[in-house]
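In what follows, a structure is listed as structure tokens, so that the remarks can point back to it.
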Amino acid sequence: MISASAVRVAHPTKVLTGRVSLPASKSEANRALIIRALSGQDFAIHNLSDANDTALLNRLLSTPAGPEVSAEDAGTVMRFLTAYYAITNQAVTLTGTDRMCHRPIGVLVDALRTLGAKIDYAGQEGFPPLQLQGFESSGTNQLTVRADVSSQYISALLMVAPLLPQGLELTLAGKIGSEPYIRMTLAQMAHFGVQAVFEGNKISVPAQNYQAKEYTVESDWSAASYWYSMVALAQEADIFLPALRPDSLQGDSVLPDLMTPFGVQTTFTEEGVRLTKAPAHQDIHRIDFSACPDLAQTVAALAAGLQLEVEMTGLESLRIKETDRILAIQTELPKLGATLQETAPGVFKVIPGNQAKNEARIHTYEDHRMAMAFAPLALKQEIVIDEPNVVKKSYPRFWEVLEQAGFQISPV
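Residue numbers (my numbering): 5 to 416.
In structure tokens:
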């Protein structure tokens, strides 16, 4: 942990080499924890993420729920526990931080109510805190849910679906956002013996039981994105990221293809991936982030650093993350001489300008990805990151690992 309220980040040599320590995927870890709790059996989960979200969920699932439970600032914890507490017939008030209580959850609550969950809002309609008061099956197993808001609502419903008396027939309405995360959920369910069918916009999960089976969590591709950005920005680079697989379940495993135009070459080995520099493409980059929204901040900051134009779509879910990430990017990019402009409804473009010569002080808005997405710009200029400890949410050792890679981290 860093005691300072801000840190200055610099890298005197601009050369990156060596083996980098990555956290385990909290997306995989959190799903495995919920499935283990739903199975009613104990089994080993290896390489469990040390991210705060995962440690929190593990702790909450390992102890009886009290009258009030806080999901803190963890969106997956809030959404997964809402479904878990509802279907397991628990009476509890589920709350979180002030920001969490301003993040919508009505889509999930409406779906669970249709199935028979008794849930009331303790405050504003459609937002936490939630008062869960048990479950009595409504007799229906048919649901239609908006698919363009958050895949976490859908994953939460899918994981509890096998425990429903008649299973679940789920229809996804509208454009499906973050589909790889839905497929990750189904793949992990299959690992534990639960079969489902995903065809078109319909998912069918019959009533069945989870089977206890050991599980090993992969390293986190989202965390790897910051190292991809650093390799692209460095003068020289040869970085190894362990325990990443080409057949990954994670949506952010699109990075090898996505980052090629930015000048990063990926080579898979039996132990992980090697990143080296290659020429960057100078034409306008067009990227749809619908399947990988957590990469948007990294790419926006990288585009500013490389002074490349990037057209970005599929950013709808960024408005309801830890902060309004679109607004946050629009506020911070000008400090690097760039802007993020909405050129058409839902279409955003990073427009580079003259690289700022003075240090840029980046506000993080209580969002771990803002800190880590902008830190690599220290390879171009001095960067100050406010509230550096926000990284504990997903990559607690981030600053320590940066120092091992030659970055200078000093309190401000």
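All C-beta atoms in this analysis are idealised placements derived from N, C-alpha and C, irrespective of residue type, glycine included.
Asked: Ignoring anything shorter than 4 residues, give me the alpha helix (DSSP H) runs that lie fully in the segment 120-188, in order along the chain.; Found: 155-164
Asked: Give the straight-line distance between the Cα atoms of residue 283 and residue 407, rounded to the nearest whole angstrom.; Found: 27 Å
Asked: Measure the alpha-carbon distance for residue 346 versus residue 353 and round it to whole angstroms.; Found: 6 Å
Asked: Residues in its own chain within less than 6 Å of residue 265 by CB, not counting five upstream and five downstream?; Found: 285, 289
Asked: So who's on the other strand from residue 92, going by DSSP bridges?; Found: The partner list for residue 92 (beta bridge, DSSP) is empty, contrary to what the question assumes.
Asked: Bridge partners for residue 219 per DSSP, in chain order?; Found: 49
Asked: Exposed or buried, which one is residue 106 when buried takes at least 16 other CB atoms within 10 Å?; Found: exposed
Asked: Hey, quick one: how far does the beta strand (DSSP E) through residue 260 stretch, first residue to last?; Found: Counting along the chain, residue 260 falls outside any beta strand (DSSP E), though it belongs to the alpha helix (DSSP H) covering 259-262.
Asked: Quick one: residues in its chain with C-beta nearer than 6 Å to the C-beta of residue 140, no 5 flanking neighbours on either side, listed in chain order?; Found: 120
Asked: Just curious, the alpha helix (DSSP H) that residue 30 is in, first and last residue?; Found: 30-43
Asked: Is residue 311 helix, strand or coil when you go by DSSP?; Found: coil
Asked: What is the DSSP secondary structure of residue 266, counted as helix, strand or coil?; Found: helix
Asked: Can you give, in chain order, each stretch of the alpha helix (DSSP H) that sits fully within the segment 341-415 and has at least 4 residues?; Found: 372-378, 402-408
Asked: Can you name the start and end residues of the beta strand (DSSP E) that residue 208 belongs to?; Found: 206-209
Asked: Taking residue 147 as the reference, which of 166, 90, 114 has the closest Cα?; Found: 114
Asked: Reducing DSSP to helix, strand and coil, say where residue 20 ends up.; Found: strand
Asked: Within 10 Å of its beta-carbon, does residue 99 have 16 or more other beta-carbons around it, so buried, or fewer, so exposed?; Found: buried
Asked: Looking at residue 50: is its Cβ nearer than 9 Å to the Cβ of residue 219?; Found: yes
Asked: Looking at the ligand MN, does it come within less than 8 Å of residue 217, judged from the CB to the closest heavy atom?; Found: Because no ligand of any kind appears in the structure shown, any question about the ligand MN cannot be addressed here.
Asked: Among 190, 135, 179, which has the Cα closest to the Cα of residue 162?; Found: 190
Asked: Quick one: what's residue 246 bridged to in DSSP?; Found: 276
Asked: Taking the alpha carbon of residue 26 as the point to measure from, which residue in 410, 185, 85, 405 has its own alpha carbon closest?; Found: 405
Asked: What distance in whole Å lies between the Cβ atoms of residue 71 and residue 101, which are believed to be in contact at a cut-off of 8 Å?; Found: At roughly 19 Å, the Cβ-Cβ gap does not stay under 8 Å, so residue 101 and residue 71 are not in contact.
Asked: Grab me the residues of residue 250's own chain with a C-beta within less than 7 Å of its C-beta, minus the 5 sequence neighbours each way, in chain order.; Found: 272
Asked: Do you know how far the Cα of residue 177 is from the Cα of residue 110?; Found: 15 Å
Asked: With DSSP as the reference, label residue 324 as helix, strand or coil.; Found: helix
Asked: Roughly how far, in whole angstroms, is the beta-carbon of residue 298 from the beta-carbon of residue 261, given that I think they are within contact range, below 8 Å?; Found: So it is not a contact: roughly 16 Å between Cβ atoms.
Asked: Keeping to the same chain, check which residues put their C-beta closer than 7 Å to that of residue 373; ignore five residues upstream and five downstream.; Found: 298, 301
Asked: Would you tell me roughly how many angstroms separate the C-alpha atoms of residue 279 and residue 362, rounded to the nearest one?; Found: 29 Å
Asked: With contact counted as at least three CB pairs below 8 Å, one residue from each stretch, are the segment 30-43 and the segment 79-90 in contact?; Found: yes
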